[in-house]
Amino acid sequence: KNEVEQSPQNLTAQEGEFITINCSYSVGISALHWLQQHPGGGIVSLFMLSSGKKKHGRLIATINIQEKHSSLHITASHPRDSAVYICAVRPNTGNQFYFGTGTSLTVIP
Amino acid sequence: NAGVMQNPRHLVRRRGQEARLRCSPMKGHSHVYWYRQLPEEGLKFMVYLQKENIIDESGMPKERFSAEFPKEGPSILRIQQVVRGDSAAYFCASSPFSPFSGRLLVEQYFGPGTRLTVT
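Going down the list, the sequences are from chains U and S.
In case it helps, the working numbering puts the first sequence at residues 1 to 109.
In case it helps, the working numbering puts the second sequence at residues 1001 to 1119.
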């Protein structure tokens, strides 16, 4: 059983649509990351959060610690947003991160 | 300030050969993490190192794999006698802070990865 579950696994959207990607986890955590992995493989950290909500441009990340759930929202999606979005959590104990398997997003012009 | 650098970006090895993957952390970062991404799977933690110390290698296979982060130079992930199942993307990430620093949020900065193909 994976400690981090993401949904959906694959998502296709029309340009301009509002997109939501969900992440549920089963362990107590100190932090949650949202990462973006583009074709070609490079990984970029989008958000790191431990409570509440963060916004950066068209991206919004929220977390509900009690429900062990986080969402990543993309407003006014664009084809350049096409990538794999990965949720990662850092448990309260230990050094490592646990990663979801990613949500592959394709935004069609 | 250059980002995390990894080389080579692509590495092809025959079964039984050795693979050496290098990671240069961001300037001022003394904490390095190695992750493996198998085809069609998510990232998995392998090892966490500080300069000259392995802190946590709980995610690393017991045999054939080793890692080091010397006082000078890059961190090295070494895979001896590679097998086809070792084919994967290997990412390293660096951080300026320890997970035990007391900081609630400890950012990690990822390198571009090394894609290892074992033929």
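Where a beta carbon is used, it is the ideal one built from N, C-alpha and C, also for glycine.
V84(U) is positioned such that its CB atom lies closer than 8 Å to that of G102(U). For Y1109(S), the chain U residues whose C-beta falls within less than 8 Å of its own C-beta are S45, listed in chain order. In the three-state reduction of the DSSP assignment, P91(U) falls in the strand class, which pools E and B.
Flagged as an interface residue toward chain S: T101(U), by a C-beta distance shorter than 8 Å. With 16 or more other Cβ atoms from the protein chains shown falling within 10 Å of its own Cβ, T1114(S) counts as buried. If you check the CB distance, L35(U) and V44(U) come in under 8 Å. Per DSSP, the unbroken beta strand (DSSP E) holding V1118(S) starts and ends at T1114 to V1118. Taking C-beta atoms under 8 Å as the contact rule, R1020(S) and V1082(S) fail to qualify, at a distance of about 11 Å. Annotation: the continuous beta strand (DSSP E) that includes R1022(S) extends over A1019 to S1024.
Neighbours of P1074(S) across chain U, judged by C-beta separation under 8 Å, do not exist; the nearest C-beta is about 18 Å away. Between H73(U) and I60(U) the beta-carbon gap is near 4 Å, inside 8 Å, which marks them as a contact.
When the Cα atoms are used, R1015(S) and K1062(S) turn out to be separated by approximately 18 Å.
For K1027(S), no pairing in a beta bridge is given by DSSP.
Boundaries of the beta strand (DSSP E) harbouring F1045(S): L1043 to Q1050, taken from the DSSP string.
For Q96(U), at least one C-beta of chain S is nearer than 8 Å to its own C-beta.
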